[in-house]
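Single-structure report; data block below.
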Amino acid sequence: MLVTIDVSDPLEAETWALLYAAQLCRLHGWISLTLASYFQQLVHGILAHKALDWRSATVFEALNELMVGLINFIVVWFSQLSVFNIIGS
Numbered sequence: 001m002l003v004t005i006d007v008s009d010p011l012e013a014e015t016w017a018l019l020y021a022a023q024l025c026r027l028h029g030w031i032s033l034t035l036a037s038y039f040q041q042l043v044h045g046i047l048a049h050k051a052l053d054w055r056s057a058t059v060f061e062a063l064n065e066l067m068v069g070l071i072n073f074i075v076v077w078f079s080q081l082s083v084f085n086i087i088g089s
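Residues in the sequence shown are numbered from 1 upward in steps of one, following the numbering used here.
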């Protein structure tokens, strides 16, 4: 699934990416989801059910609504350094 969005804020872009991942899981009927992000603030916001920025508030609310229907939803934070180590860059 290829999705193109026009955003200038990295936090908003990451929120959209997580939303599309959650939508894909719902589309396939999967009830367990683990999302990983290197935006620590976003992970804390998701866990607290609070949007961090007005620009991402709408998409953040949509992500929260999708999370309600998932039985096992986990969101974790990876530092950028650990992400680079995982992909070998």
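Heads up, the beta-carbon is just placed ideally off N, CA and C, and yes, glycines get one too. Here the structure is a predicted model, which is why all the values come from computation and not from measurement.
The alpha-carbon separation between Thr58 and Gly29 amounts to approximately 24 Å.
Cβ contact annotation for Asp9 (same chain, cutoff 8 Å, sequence separation greater than five): Asp53, Arg55 and Ser56, in chain order.
Rounded to the nearest angstrom, the gap between the Cα atoms of Glu14 and Arg26 is 19 Å. For Ala57, the uninterrupted alpha helix (DSSP H) segment begins and ends at Ala57 to Val68. Rounded to the nearest angstrom, the gap between the Cα atoms of Ser32 and Asn72 is 4 Å.
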